[in-house]
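Heads up, the sequence shown is in our numbering, so the first residue is 160 and it goes up one at a time.
Using N, Cα and C, we set each Cβ at its ideal position, and we do this for glycine too.
Since this is a predicted model, take the numbers as computed values, not measurements.
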Amino acid sequence: MNILQEFVLLGTNSARTKAYLQIMAKAGYRPGSVVLMAADPDKIYQERIEYHESAIDFNANSDYFNLKEPVLVTLERLQLPYQVLLTDSVNSIETKQALEKSLASYVIYSGFGGQIVKKEVLALGKRFLHIHPGVVPTYRGSTTVYYSLLKEGRIGASAIFLEEQIDAGPIIKTKWFELKNIHPDLDYIVDPFIRADLLKEVISDYLNIGYFQERSQSKEMGETYYIIHPVLKHISILGLGSKGGGGE
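Have a look at this one:
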């Protein structure tokens, strides 16, 4: 296992954090440490207890990742040092203090949905590596998986460094994906999976050449999307079914 001491994963108890940890581990990588933000830390610890008591290995052989495995179970299985913060914000004093104490240069970001990382957090001297579920600059903003699916019949992801402007930071890599199923679970399986898959690739590239190859993106090009209307969301999924799914 390649331990990436220059990386700290800043995450939450989410499908995305699970996908990042599990898929990186399958590729032989793990961050030097993990900081989990939780509004209710007791819930995270209780999930670990209940999972051990059930003694069931749910979908460990999934083509994607094991959504049922609690984050703490993954961390302990991988013997990863971690801390759990009582906070519901990436911009909280608790989060900032934890990042200031970290010796890592890069933050693999898997934060709360909808939150914007503020200037004072971005100025802590660490670069925030974010995997956005849309190919930028064309698809910036929220629920871009569905807008991309609606317009192009496919989905993509972008590895970027966060800046103050939403999804407008330097691009490291972008990737398009074909869907494996006609009606996949886009929110809790496919979205986290494509992000984790691209994260795995950019980490591999970084280790091979010793740095991130990045390029600036035009802030004038592209469009910023907002939370998709439920009707349009449904239409995008129906359109996927009529196309017969992806070819992978």
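message: Could you tell me the alpha carbon to alpha carbon distance between Leu-168 and Gly-187, rounded to whole angstroms?
response: 16 Å
field: Candidates Phe-371, Glu-165, Thr-302 and Pro-343: closest to Tyr-385 by CA position
entry: Thr-302
message: I'd like to know if the region 264-273 and the region 163-180 are in contact, where contact means that at least 3 CB-CB pairs between them fall below 8 Å.
response: yes
- prompt: Buried or exposed: which applies to Leu-338, given that a residue is buried once 16 or more other Cβ atoms fall within 10 Å of its Cβ?
  reply: buried
field: Cut-off 6 Å between Cβ atoms - residues of its own chain near Glu-322, not counting five sequence neighbours on either side
entry: Gly-328
query: What's the C-alpha gap between Ser-173 and Met-380?
result: 31 Å
query: What residue from Asp-199, Val-249, Leu-237 and Arg-175 has the CA that sits closest to Met-160's CA?
result: Leu-237
field: Close-in-space but distant-in-sequence residues of the same chain around Lys-378 (CB under 7 Å, 5 per side omitted)
entry: Gln-324 and Ala-327
- prompt: Can you tell me where the beta strand (DSSP E) with Gln-433 in it begins and where it stops?
  reply: Within the shown structure, residues of the chain are numbered from 160 to 407, placing residue 433 beyond reach of any answer.
- request: Could you check if Lys-285 is buried or exposed, using at least 16 other CB atoms within 10 Å of its CB as the buried criterion?
  value: buried
task: Sort Pro-343, Tyr-305 and Phe-320 by Cα distance to Lys-392 and report the nearest one.
output: Tyr-305
- prompt: DSSP beta-bridge partners for Arg-299?
  reply: Thr-383
- request: State buried or exposed for Gly-315, treating a residue as buried only when at least 16 other CB atoms are found within 10 Å of its CB.
  value: buried
query: From which residue to which residue does the alpha helix (DSSP H) around Ala-355 run?
result: 350-368
message: Assuming Gln-242 is part of the beta strand (DSSP E), what are its boundary residues?
response: 241-245
task: Taking Glu-279 as part of the alpha helix (DSSP H), name the residues at either end of that continuous run.
output: 278-281
message: Restricting to Cα atoms, I'd like to know which of Gly-191, Ser-192, Thr-233 and Gly-369 is closest to Ile-203.
response: Thr-233
Where Ala-257 falls: helix, strand or coil (DSSP): helix
- request: Could you please give the first and the last residue of the uninterrupted beta strand (DSSP E) stretch that includes Val-193?
  value: 188-197
- prompt: Who are the Cβ neighbours of Arg-474 in its own chain at under 8 Å, not counting the five residues just before and after it?
  reply: A question about residue 474 goes unanswered here, because the residues of the chain that appear run from 160 up to 407.
message: Can you find the residues in the same chain that come closer than 7 Å, C-beta to C-beta, to Thr-176, ignoring five residues on each side of it along the sequence?
response: Gly-170, Val-230 and Ser-269
message: By alpha-carbon positions, which one of Tyr-223, Val-193, His-211 and Asn-250 ends up nearest to Lys-185?
response: Tyr-223
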